[in-house]
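J.: The structure follows.
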Amino acid sequence: MDNEQIVDFSSLDESVQELLRRAAEARLRAYCPYSNFSVGAAILTERDGQVYTGCNIENAALSPSICAERAAVPKAVSEGYTKFKIVAIVAHQQNSFTGPCGVCRQTLSEFRGSDGDIKVYLGKPTLDKVLCTSLSQLLPLSFVSYKEDSVVT
Ligand code: THU
């Protein structure tokens, strides 16, 4: 995927449509009494197509709050799924697409698929139009460390 593009939901593969539906369902479970900004995320993992979902969970003390994407990640990783193929995100806004925050981009970057990337689909609650992009586009020149070629000798 070279450029981000906005497409009709119905033109997407059935597996992507299903992932977006799972993210939209997860959004309905968001606990966001402080912002009233609900977000749902669904991760399709690479190994055998397991899907893990998350919603944002806020806290009165604010800093313990967690984004939908980062609520889904530990569910996948703690079950042994560390390579992500696709992430679908649906936020409550109907008039614009909501991309993942910087912290979520960096968190997802840790779990790129074997092609070195993750496809990212951003939907709206009505699931009519979908913005298709990728983690590489959302997080160019991402931070990489502890790889053989970056070890200082
Ligand atoms: N939020 C997410 O769930 N994902 C993001 O990538 C950006 C922001 C949530 C956090 C907070 O509960 C609400 O949206 C408003 O910032």
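First residue of the sequence shown? That's 1 in the numbering used here, and the numbers climb one at a time after it. Here a beta-carbon is modelled for each residue, glycine too, at the ideal position from N, C-alpha and C. Note that the structure is a prediction, hence the values are computed from the model and not measured.
Counting only the same chain and skipping the five closest in sequence on each side, list residues whose C-beta sits under 8 Å from that of R70.
T.: Counting from 1 along the sequence shown, the entry for residue 70 is found at position 70. Contacts found: G54, V103, C104, T107.
J.: As a quick exercise: from I89, Y81, L12, pick the residue whose alpha carbon is nearest that of R22.
T.: Taking the first residue of the sequence shown as position 1, residue 22 is located at position 22. Selected option, being the one with the closest Cα: I89.
J.: According to the Cβ coordinates, are G99 and A24 closer than 8 Å?
T.: In the sequence shown, residue 99 corresponds to position 99, counting from 1. In the sequence shown, residue 24 corresponds to position 24, counting from 1. Cβ atoms of G99 and A24: not closer than 8 Å.
J.: Counting only the same chain and skipping the five closest in sequence on each side, list residues whose C-beta sits under 7 Å from that of S145.
T.: Taking the sequence shown and counting its residues from 1, one reaches residue 145 at position 145. The answer is none, since no qualifying residue turns up.
J.: Kindly examine the ligand THU and report whether one of its heavy atoms sits closer than 7 Å to the Cβ of N56.
T.: Within the sequence shown, numbered from 1, the residue matching residue 56 stands at position 56. Yes - the ligand THU has a heavy atom lying nearer than 7 Å to the Cβ of N56.
J.: Could you pull out every residue in the same chain whose Cβ sits closer than 7 Å to the Cβ of C101, ignoring the five residues on either side in sequence?
T.: In the sequence shown, the residue the question calls residue 101 occupies position 101. So the qualifying residues of the chain are C67.
J.: Taking 7 Å as the cut-off, does the CB of E69 come closer than this to any heavy atom belonging to the ligand THU?
T.: The residue you call residue 69 lines up with position 69 of the sequence shown. Because some heavy atom of the ligand THU lies under 7 Å away, the Cβ of E69 counts as near it: yes.
J.: Provide the residue span of the beta strand (DSSP E) that contains V7, from first to last.
T.: What you label residue 7 is simply residue 7 of the sequence shown in a count that begins at 1. Taken as a continuous stretch (DSSP letters only), the beta strand (DSSP E) holding V7 covers 5-8.
J.: Quick check: what's the CA-CA separation for V130 versus F111?
T.: In the sequence shown, residue 130 corresponds to position 130, counting from 1. In the sequence shown, residue 111 corresponds to position 111, counting from 1. Roughly 23 Å between the two C-alpha positions.
J.: Tell me which same chain residues have a C-beta within less than 7 Å of the C-beta of D117, skipping the five on either side of it?
T.: Against the sequence shown, residue 117 aligns to sequence position 117. Within the same chain, D117 has close Cβ partners S134, L135, S136.
J.: For K119, which option in S11, V16, S10 has the closest C-alpha, if you only look at C-alpha atoms?
T.: Within the sequence shown, the letter at position 119 stands for residue 119. Comparing Cα-Cα distances from K119 to each of S11, V16, S10, the minimum goes to V16.
J.: Use the C-beta contact count for V7: other C-beta atoms within 10 angstroms, 16 or more gives buried, fewer gives exposed.
T.: Within the sequence shown, residue 7 is the residue found at index 7, counting from 1. Exposed, since its Cβ has fewer than 16 Cβ neighbours within 10 Å.
J.: Quick check on the DSSP output: the beta strand (DSSP E) that includes A23 runs from which residue to which?
T.: To locate residue 23, count along the sequence shown from 1; it is residue 23. No beta strand (DSSP E) contains A23, which is instead part of the alpha helix (DSSP H) from 14-27.
J.: Can you tell me whether L221 is buried or exposed? The criterion is at least 16 other CB atoms within 10 Å of its CB, across all chains shown.
T.: The requested residue 221 does not occur in the structure, where the chain is confined to residues 1 to 153.
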